[in-house]
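Asker: For the sequence shown, position 68 (counting from the first letter as 1) is numbered 67 according to numbering that gives the first Met the number 0, and the numbering increases by one without interruption.
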Amino acid sequence: MKESERSEAGGSGLDSGPLPEVLERLCDAMHGLDPDWNLEVWLIKKAEEEIELLKMDLERERIKLEQKIHRVDSIANRLEPENEIFEASQTNLFDCFDIAAGNTKSPFIPASIQDEDPIDHPHPAKNLLDYLPGEVSDDPLLAVVAQMVLFEIDNIMGRDVEMVSIKQLNDVLSEREISPEEVDEAIDHLLMAGAIHEIEDDCFVPDE
């Protein structure tokens, strides 16, 4: 008897009609190993396992994004003089990318400050985004690292060298806690934007 026929008798735990051939073969094999095996119970168990895996994947992604945001804030703040940051009206990193933060007002901040246009006090990373070649990325860390790569290429080229290797960039940027993977991603972005050119393997010059 096929599993599609068994289903009507309740053997598989499903009564939705004929099953795909691959499921019929699975049911036949599993019933040969365990006569009490139930397809519906098995599918529910598999679905629960997949949901748990998805939850773990989402949690990992959330942690990675939080770490990225923290690092971008840290890098951007190091690039700005402390006395230029007005904490009472300072926007957060997401303001650079038009992510709404709500219109609530705090009773502890003067109304004159709260009524000011937030663009008057941009996040430090916004200055870097304005000068980033190509289309503005929705990845704030990429925007910051790409600008730092451009700066270091110009800086190294000023020493009368013909090109800048990726090793030189990694050596310099690793001191600022920028990983080789982040440098690679920034270089790819700058190459696509035409801001730099690769003249030899992993060796670059800025666009003139």
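We put the beta carbon where it would ideally sit given N, CA and C, even for glycine.
Can the beta-carbon of I195 be found less than 8 Å from the beta-carbon of V143?
Answerer: Not a contact, by the Cβ cut-off of 8 Å.
Asker: Please classify E197: does DSSP put it in a helix, a strand, or coil?
Answerer: In this structure, E197 counts as strand in the three-state DSSP scheme.
Asker: In whole angstroms, what separates the C-alpha of M156 from that of N169?
Answerer: Each residue's Cα considered, the two are about 15 Å apart.
Asker: Could you check which residue in E161, L140 and R59 has the C-alpha nearest to that of I177?
Answerer: The option with the nearest alpha carbon to I177 is L140.
Asker: By Cβ distance, which residues of its chain are closer than 7 Å to M162, with the 5 residues on each side in sequence left out?
Answerer: Hits under 7 Å: I198, E199, C202, F203 and V204.
Asker: Return helix, strand or coil for V204, following the three-state DSSP convention.
Answerer: It is a strand residue.
Asker: Is S73 helix, strand or coil when you go by DSSP?
Answerer: S73 falls in the helix class under three-state DSSP.
Asker: Tell me where the alpha helix (DSSP H) around N154 begins and ends.
Answerer: It spans P139 to M156 - the alpha helix (DSSP H) in which N154 sits, taken as one unbroken run.
Asker: Looking only at C-alpha atoms, which of V160, K166, S164 and L149 sits nearest to H188?
Answerer: The shortest Cα separation from H188 among V160, K166, S164 and L149 belongs to L149.
Asker: By DSSP's criteria, S164 is part of a beta bridge. Which residues make up the other side?
Answerer: C202, per the DSSP bridge assignment.
Asker: Hey, could you find the ends of the alpha helix (DSSP H) R175 is sitting in?
Answerer: From DSSP, R175 is part of no alpha helix (DSSP H); its letter is neither H nor E.
Asker: From D72 to W41, what does the alpha carbon distance come to, in whole angstroms?
Answerer: Rounded to the nearest angstrom, the two C-alpha atoms are 47 Å apart.
Asker: By Cβ distance below 6 Å, which residues in the same chain neighbour P19 in space, the five residues on each side in sequence not counted?
Answerer: Excluding positions up to five away in sequence, the list is empty.
Asker: Please work out which residues of its chain come closer than 7 Å, Cβ to Cβ, to A185, disregarding the five sequence neighbours upstream and downstream, and give them in chain order.
Answerer: Hits under 7 Å: L141, V144, A145 and V148.
Asker: For a test of the three-state rule: what should DSSP assign to L189, helix, strand or coil?
Answerer: Reduced to three states, the DSSP call for L189 is helix.
Asker: When you compare only the Cα positions, how much space is there between R59 and L53?
Answerer: Cα to Cα, R59 sits roughly 10 Å from L53.
Asker: From the DSSP output, in three-state form, read off N169 for me.
Answerer: Looking at N169 - three-state DSSP - the assignment turns out to be helix.
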